[in-house]
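Peer 1: So for the sequence shown, the working numbering puts the first residue at 3; every next one is plus one.
For reference, the structure I am asking about is given below.
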Amino acid sequence: MSQPDMQAILQQAQEMQLQLQQAQKEILATDVSGTAGNGLVTITMTGGGEVKDVQISPEVVDPEDVDTLQDLIAGAFADAHKKVGQLAEQKMGPLSQGLGGGLGGMLG
3 MSQPDMQAIL
13 QQAQEMQLQL
23 QQAQKEILAT
33 DVSGTAGNGL
43 VTITMTGGGE
53 VKDVQISPEV
63 VDPEDVDTLQ
73 DLIAGAFADA
83 HKKVGQLAEQ
93 KMGPLSQGLG
103 GGLGGMLG
């Protein structure tokens, strides 16, 4: 059985690293929006988790029911955070599978 070409392996690893860095840049540059209460509260955040905007429909602002507003804000934040995770999986998933498969083939 022939030995793997180390130069080719290193070049493949460098290409994978560049692809991962590009995917990370795309994730950080992407905005996602999470909503709650059928759009009564919307939170927009970057792929890096920075909150950029909070929109609250006036109809949900009730001084007698602050708990509901707090729940809606927390729900919108959780929804946006989940979407950031999905974005990361979408961008990084294929790369990590390629890396694992490549190493598995190389090590196996």
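The beta carbon of each residue, even a glycine, is placed where N, CA and C say it ideally should be.
Would you mind reading off the limits of the alpha helix (DSSP H) that contains Gln13?
Peer 2: Within the sequence shown, the letter at position 11 stands for residue 13. Start and end: Met8 to Ala31.
Peer 1: Would DSSP call Gly107 helix, strand or coil?
Peer 2: Taking the sequence shown and counting its residues from 1, one reaches residue 107 at position 105. The predicted model places Gly107 with a pLDDT of 43, which falls under 50 and marks its position as unreliable; any figure quoted below should be read in that light. Helix.
Peer 1: Can you name the residues that DSSP bridges to Ile151?
Peer 2: What is shown of the chain runs 3 to 110, which leaves residue 151 out entirely.
Peer 1: Would DSSP call Asp69 helix, strand or coil?
Peer 2: Taking the first residue of the sequence shown as 1, we reach residue 69 at position 67. It is helical.
Peer 1: Helix, strand or coil for Gly87, going by three-state DSSP, please let me know.
Peer 2: To locate residue 87, count along the sequence shown from 1; it is residue 85. Helix, per DSSP.
Peer 1: With a threshold of 8 Å, are at least 3 pairs of Cβ atoms found where one atom belongs to the segment 60-70 and the other to the segment 3-13?
Peer 2: no
Peer 1: If we count the other Cβ atoms within 10 Å of its Cβ and call it buried at 16 or more, is Gly50 buried or exposed?
Peer 2: As a working note, residue 50 is residue 48 in the sequence shown. It is exposed - the Cβ of Gly50 has fewer than 16 other Cβ atoms within 10 Å.
Peer 1: In its own chain, which residues sit with a C-beta less than 8 Å from the C-beta of Gln16, not counting the 5 before and 5 after it?
Peer 2: The residue labelled residue 16 in the question sits at position 14 within the sequence shown. Counting only residues of its own chain and dropping the five nearest sequence neighbours on each side, Gln16 has no CB closer than 8 Å to any other CB.
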